[in-house]
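Only one structure is covered here, and it is reproduced in the block below.
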Amino acid sequence: MHEAPSLGISFDRVEKRFGPFVALRGVSLEILPGEFVALLGPNGAGKTTLLRIAALLMTPTSGTVSFTSASERARHAVPQPVPDGDLPKHLIGMVAHSTLLYDELTAAENLTLFAQLYGLDDIRVRVANALQACGLASRAASLVRTFSRGMRQRLAIARALLHGPRLLLLDEPAAGLDRQGLAWLGETLARLRSGGATVVMSTHARNESLDLATRAVSLSGGRVEHDSGPGGDPRPLLAALRAEA
Amino acid sequence: MRLKGRLTITALVAFLLFFAGYAALFIAPDERTMHEIQRVFYVHLPLWAAMYSALVVAFISNIGWLATRKPMWDWLAVSAVEVGVVCCTGGLITGVLWGRPAWGIWWTWDARLTTAFILWLLYVSYLLLRGLIEDPQRRATLSAVFGIFAFLDAPLVYAANRLWRTQHPAPVIFGDANSGLDPTMGKVLVACIAAMLAVMVLVLVDRYRLERLRYEVDELRLAADARAADLNSATARSPR
Amino acid sequence: MTAARAAAILLAKELRLEFRTRELLNATIVFALVVIVLFSFSFDPTAAESRRYGPGLLWIAFLFAGSLMLHPSFAREQSNQTLDALRMAPVSPFAILLGKMLANFVFLSLAEVVLVPVFAVLYNVSIAGVIGRLIVVLMLGTLGVVITGTVFSAVSAHARMRELLLPLLLLPILAPLLIAAVEATASLFAEQPSLDRTWLAFLAGFDIVFLTASWLLCDFLLEE
Chain A
1 MHEAPSLGIS FDRVEKRFGP FVALRGVSLE ILPGEFVALL GPNGAGKTTL
51 LRIAALLMTP TSGTVSFTSA SERARHAVPQ PVPDGDLPKH LIGMVAHSTL
101 LYDELTAAEN LTLFAQLYGL DDIRVRVANA LQACGLASRA ASLVRTFSRG
151 MRQRLAIARA LLHGPRLLLL DEPAAGLDRQ GLAWLGETLA RLRSGGATVV
201 MSTHARNESL DLATRAVSLS GGRVEHDSGP GGDPRPLLAA LRAEA
Chain B
246 MRLKGRLTIT ALVAFLLFFA GYAALFIAPD ERTMHEIQRV FYVHLPLWAA
296 MYSALVVAFI SNIGWLATRK PMWDWLAVSA VEVGVVCCTG GLITGVLWGR
346 PAWGIWWTWD ARLTTAFILW LLYVSYLLLR GLIEDPQRRA TLSAVFGIFA
396 FLDAPLVYAA NRLWRTQHPA PVIFGDANSG LDPTMGKVLV ACIAAMLAVM
446 VLVLVDRYRL ERLRYEVDEL RLAADARAAD LNSATARSPR
Chain C
486 MTAARAAAIL LAKELRLEFR TRELLNATIV FALVVIVLFS FSFDPTAAES
536 RRYGPGLLWI AFLFAGSLML HPSFAREQSN QTLDALRMAP VSPFAILLGK
586 MLANFVFLSL AEVVLVPVFA VLYNVSIAGV IGRLIVVLML GTLGVVITGT
636 VFSAVSAHAR MRELLLPLLL LPILAPLLIA AVEATASLFA EQPSLDRTWL
686 AFLAGFDIVF LTASWLLCDF LLEE
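Protein sequence lines correspond, in order, to chains A, B and C.
All residue numbers for the first sequence refer to this note's numbering, where the first residue is 1 and numbers rise by one.
All residue numbers for the second sequence refer to this note's numbering, where the first residue is 246 and numbers rise by one.
All residue numbers for the third sequence refer to this note's numbering, where the first residue is 486 and numbers rise by one.
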């Protein structure tokens, strides 16, 4: 499918403080290219902070974050580190707590803007396809301000996927989605997975897309509490989650 | 012992201050036209010298923080600006106290005074800005950026005022500091500047220490919280 | 993607957003008008006096209006965290800043296009003969205002009392610009209009100094 290499991310003793509040304490985690990681933990555990650091929105107070890439063909080869100067922003997509959309622009205008910023070609076609895929084609010319919560979330996900990211970071993406939206999310994630993209998805409640997970990492108090590991079985941890929700 | 060292230095500075004050009041010759009032000059000018020194230290600290992210630069920056603002306030007040009896006016918009006043506004704004940002990292970074802009603005203010003065000339008041200065006056002035700078450095160092202590208290509190969090998760894990 | 291209894309976005609602532009123009009219109640503008005080009035009105209008520059990006989306995109922080500076320049210039004729009418000042040179002065002055104002909008976006903080930070910094712009404008409104090149060079110098400083420090403005 894609020739763009899969992207892995590794955190080495990452700490993040906001004044007196410590969000992450010495988190060391290596996510290999192509994994689907379910990031679990209660509110305040540090999931959002970890994702924002991965998205290059925040720099850690101490510790390092580095990216590794493995080409599609040599999937089992040792991942190569991405040099510092080539921060792979164009390969990273994020769905955050906020929609990251301009309320006073239309759905099409929002997607067009980001398509332009990411330097994509065939913008009109891409935007049309993206709107079609997330079921918002009929509302392409409506202002996002008029959208329901579920529609905004769908558009936010479409925005994150527009530039074909190889590392997808999702912060509670199921929030606000209706049944149709959830189904579309599940299909999209499955497609990304089989295409070799790396997915890190945080959630604190049960969610069908979790079936796709190859690994589960749970955070608590800013630390990694449990990790099923790259080759391991995430289901026991995920099962614990379902029991709580 | 450190305390002994600090006491000694404080005593030395106090002596220097006393000597300078005595010199200003009794050794310096009487000025021809203004007589006693002119002696305010021996406080007024040193205050400006201290202020500009402090602001240069602040500028360097701002760059230091942005370049290295070492907290000591942030401590130094806020200390230097606070000291600078105090010196500036003193300079402006002594200027007014001198101007009124000597030349009959409270204030004049000449280049130096205007620059000083704008600097006062800018650096008070710096302190206000710091007070309004919660996160320490962000506070240090954003105030450093503003501090750099403020410092770059100062020569522009001075230049603008000088250019304006050449087009709208007015009698130069406060005189040029070095125009026809009696040698004894010059020596007294140097002593006073030295004394003022010494006091300024002493206050600066103390303020820096205070900032460092605050930081260390925060660090200790963090460490304590971390220990508590560890204990909590340890006890929480066992029942499972 | 070059910074210029990215800034152009972002400029288009800012313009589209603003022209859809026009709330900012309307408020800015009305506020500046209010300032100009209020000043006219403070003194009786005979022709001679308005030549003396007019330029000062005009620029103070622009400065006040500008500092109010600049605040939402970055504050607007906070409702849906759209600034995060911009920062994640492969565009340089300077491009983001530049896009906003250009947009603010357009908005403030539009306000001036409305206000200068109104001012000329209310204060009986003839600007017909000097319109070209006046535009040059206005542009250089406005550039200085938006360059520093946009930077301080980013600085104050993370502070409490943002709306008050921005004018507090901005107006003292703009003191030299105010002097230069007023003097240059005054020489244009004089009996024998002339364009004072010294002040023009000063304005250009001000703009260059702070644009360079913004470029050097832009990373620090947007980081977390």
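Cβ coordinates follow ideal geometry from the N, Cα and C atoms, glycine included.
Predicted model only: the values in this text are computed from it and were never measured.
Comparing the C-beta of A/P20 with each C-beta of chain B, is any distance below 8 Å?
-> Along the first sequence, one-based indexing puts residue 20 of chain A at 20. By the rule that beta-carbons nearer than 8 Å mark a contact, A/P20 touches chain B.
Can at least three beta-carbon pairs, one atom from the region 404-412 of chain B and one from the region 263-272 of chain B, be found at a separation below 8 Å?
-> Look at the beta carbons and you see the region 404-412 of chain B not touching the region 263-272 of chain B: under three pairs across the two are nearer than 8 Å.
Whole alpha helix (DSSP H) runs in the region 589-670 of chain C with 4 or more residues, listed along the chain?
-> List check, alpha helix (DSSP H) in window: 616-641, 647-658.
Going by other Cβ atoms of all chains shown within 10 Å of its Cβ, with 16 needed for buried, is B/N477 buried or exposed?
-> Position 232 of the second sequence, counted from the start, is the residue given in the question as residue 477 of chain B. So B/N477 counts as exposed.
Provide the residue span of the alpha helix (DSSP H) that contains B/S306, from first to last.
-> Taking the first residue of the second sequence as 1, we reach residue 306 of chain B at position 61. Unbroken alpha helix (DSSP H) run through B/S306: 286-313.
Just curious, the alpha helix (DSSP H) that A/L39 is in, first and last residue?
-> Taking the first residue of the first sequence as position 1, residue 39 of chain A is located at position 39. Per DSSP, A/L39 belongs to no alpha helix (DSSP H); it is in the beta strand (DSSP E), 36-40.
Cβ neighbours of B/A422 in the same chain (closer than 7 Å, five flanking residues each side left out) = Along the second sequence, read from residue 1 onward, the residue named residue 422 of chain B stands at position 177. Its pLDDT being 49, under 50, B/A422 is placed unreliably by the model, and the measurement read from it follows with that caveat. Once the five neighbours on either side are set aside, the close Cβ partners of B/A422 are L290.
From B/K315, B/G329, B/R459, residue whose alpha carbon lies closest to that of B/L442 = As a working note, residue 442 of chain B is residue 197 in the second sequence. A check of alpha carbon separations from B/L442 across B/K315, B/G329, B/R459 identifies B/G329 as the nearest.
Give a yes or no on whether the minimum CB-CB distance between A/R191 and chain B is below 8 Å.
-> As a position in the first sequence, residue 191 of chain A is number 191, starting the count at 1. Using a Cβ-Cβ cut-off of 8 Å, A/R191 does not count as an interface residue toward chain B, since no Cβ of chain B sits closer than that to its own.
A/P234 to A/A38 span [Cα, whole Å] = The residue you call residue 234 of chain A lines up with position 234 of the first sequence. The residue you call residue 38 of chain A lines up with position 38 of the first sequence. Rounded to whole angstroms, A/P234 to A/A38 spans 8 Å at the Cα level.
Would you list the residues sitting across from A/A70 in a DSSP beta bridge?
-> For the purposes of this step, residue 70 of chain A is taken as residue 70 along the first sequence, with counting starting at 1. BP columns for A/A70 point to A/S6.
Do you know how far the Cα of B/A299 is from the Cα of B/S324?
-> Against the second sequence, residue 324 of chain B aligns to sequence position 79. Against the second sequence, residue 299 of chain B aligns to sequence position 54. When rounded, the distance between both Cα atoms is 9 Å.
Return the chain-ordered list of same chain residues with a C-beta closer than 7 Å to the C-beta of C/C703, the five sequence neighbours on each side being excluded.
-> On the third sequence, residue 703 of chain C is found 218 positions in, with the first residue counted as 1. P578, F579, L582, listed in sequence order.
Contact list for A/T59 against chain C, beta-carbon separation under 9 Å = Looking up residue 59 of chain A in the first sequence gives position 59. The answer, in chain order, is E708, E709.
Got a sec? Which residues, its chain only, sit under 7 Å from A/L100 by beta carbon, not counting five neighbours each side?
-> As a working mapping, residue 100 of chain A is identified with position 100 in the first sequence. If we look at A/L100 and ignore the five residues flanking it on each side, its Cβ neighbours are A156, R159.
From the DSSP output, which residues share a beta bridge with A/A216?
-> In the first sequence, the residue the question calls residue 216 of chain A occupies position 216. Bridge partners of A/A216 according to DSSP: A/A38.
Should C/N589 and C/L555 be called a contact, given that it needs their Cβ atoms to be closer than 8 Å?
-> Numbered from its first residue, the third sequence carries residue 589 of chain C at position 104. Numbered from its first residue, the third sequence carries residue 555 of chain C at position 70. By the CB criterion at 8 Å, C/N589 and C/L555 fall inside the cutoff.
Using only alpha-carbon positions, find the residue among A/S28, A/T48, A/K16 that is nearest to A/H204.
-> Sequence index remark: in the first sequence, residue 204 of chain A carries index 204 (1-based). Sorting A/S28, A/T48, A/K16 by C-alpha distance to the C-alpha of A/H204 places A/T48 at the top.
Runs of alpha helix (DSSP H) lying entirely within the region 351-380 of chain B, each at least 4 residues, in chain order | Runs of the alpha helix (DSSP H) spanning 4 or more residues and lying entirely within the region 351-380 of chain B occur at 356-377, in chain order.
Simplified DSSP assignment, three categories, for A/V22 = Counting from one through the first sequence, the residue named residue 22 of chain A turns up at place 22. Of the three classes helix, strand and coil, the one that applies to A/V22 here is strand, per DSSP.
Got a sec: is the Cβ-Cβ distance from B/V446 to anything in chain C below 8 Å?
-> As a position in the second sequence, residue 446 of chain B is number 201, starting the count at 1. No, because no Cβ of chain C sits closer than 8 Å to the Cβ of B/V446.
Beta-carbon proximity list for B/F396, same chain, < 6 Å, skipping 5 on both sides | Mapped onto the second sequence, residue 396 of chain B falls at position 151. For B/F396, where only same-chain residues beyond five positions count, the Cβ hits under 6 Å are F304.
Closest Cα partner of C/A546 within the set C/V603, C/E676, C/V694, C/R505 = Start at 1 with the first residue of the third sequence, and residue 546 of chain C comes out as number 61. The residue with the shortest Cα to Cα distance from C/A546 is C/V603.
Would C/L660 pass as a contact of B/V433 if the rule is Cβ separation under 8 Å?
-> Indexing the third sequence from 1 puts residue 660 of chain C at position 175. Indexing the second sequence from 1 puts residue 433 of chain B at position 188. The residue you asked about is not Leu; residue 660 of chain C is Ala in the sequence shown. Result no, Cβ atoms of C/A660 and B/V433 do not sit closer than 8 Å.
Can you tell me whether DSSP reads A/L101 as helix, strand or coil?
-> The count along the first sequence starts at 1 and reaches residue 101 of chain A at position 101. In the three-state reduction of the DSSP assignment, A/L101 falls in the coil class.
Those residues which DSSP pairs with A/I92 across a bridge | As a working note, residue 92 of chain A is residue 92 in the first sequence. Paired residues: A/L167.
On the premise that B/T386 lies in contact with B/A273, defined as a C-beta separation below 8 Å, what is that separation, rounded to the nearest angstrom?
-> Mapped onto the second sequence, residue 273 of chain B falls at position 28. Mapped onto the second sequence, residue 386 of chain B falls at position 141. Approximately 46 Å separates the beta-carbon atoms of B/A273 and B/T386; this is outside 8 Å, ruling out the contact.
Excluding the 5 residues preceding and the 5 following C/A488 in the sequence, name in chain order all residues of the same chain whose CB lies nearer than 6 Å to its CB.
-> Locating residue 488 of chain C in the third sequence gives position 3, counting from the first residue. Excluding residues within five positions, the ones whose Cβ falls inside 6 Å are S577, F579, A580.
Taking the continuous alpha helix (DSSP H) assigned at A/E225, which residues delimit it?
-> Sequence index remark: in the first sequence, residue 225 of chain A carries index 225 (1-based). Looking at the DSSP string, A/E225 is not in any alpha helix (DSSP H); the run it does join, the beta strand (DSSP E), is 223-227.
State the Cα-Cα distance for the pair B/V390 and B/L372, rounded to the nearest angstrom.
-> Here residue 390 of chain B corresponds to residue number 145 of the second sequence, with the count starting at 1. Here residue 372 of chain B corresponds to residue number 127 of the second sequence, with the count starting at 1. Take the alpha-carbon of B/V390 and the one of B/L372: they are about 13 Å apart.
Could you please give the first and the last residue of the uninterrupted alpha helix (DSSP H) stretch that includes A/V125?
-> Counting from one through the first sequence, the residue named residue 125 of chain A turns up at place 125. Taken as a continuous stretch (DSSP letters only), the alpha helix (DSSP H) holding A/V125 covers 123-133.
Near A/D103, what residues of its chain come up, given a Cβ to Cβ distance below 6 Å and the 5 sequence neighbours on each side ignored?
-> In the first sequence, residue 103 of chain A corresponds to position 103, counting from 1. Hits under 6 Å: V144, R145.
What residue from A/F21, A/L117, A/E30 has the CA that sits closest to A/A54's CA?
-> Looking up residue 54 of chain A in the first sequence gives position 54. Ranking A/F21, A/L117, A/E30 by Cα distance to A/A54 puts A/E30 first.
Check the Cβ-Cβ distances between C/A560 and every residue of chain A, and say whether any is below 8 Å.
-> Position 75 of the third sequence, counting from 1, holds the residue named residue 560 of chain C. Under the Cβ criterion of 8 Å, C/A560 is not counted among the residues facing chain A.
Residue range of the unbroken beta strand (DSSP E) whose run includes A/V200 | As a first step, residue 200 of chain A is located in the first sequence; it is residue number 200 there, counting from the start. Residues 198-202.
Kindly indicate which three-state DSSP category A/F11 falls into: helix, strand or coil?
-> As a position in the first sequence, residue 11 of chain A is number 11, starting the count at 1. For A/F11, the three-state secondary structure derived from DSSP is strand.
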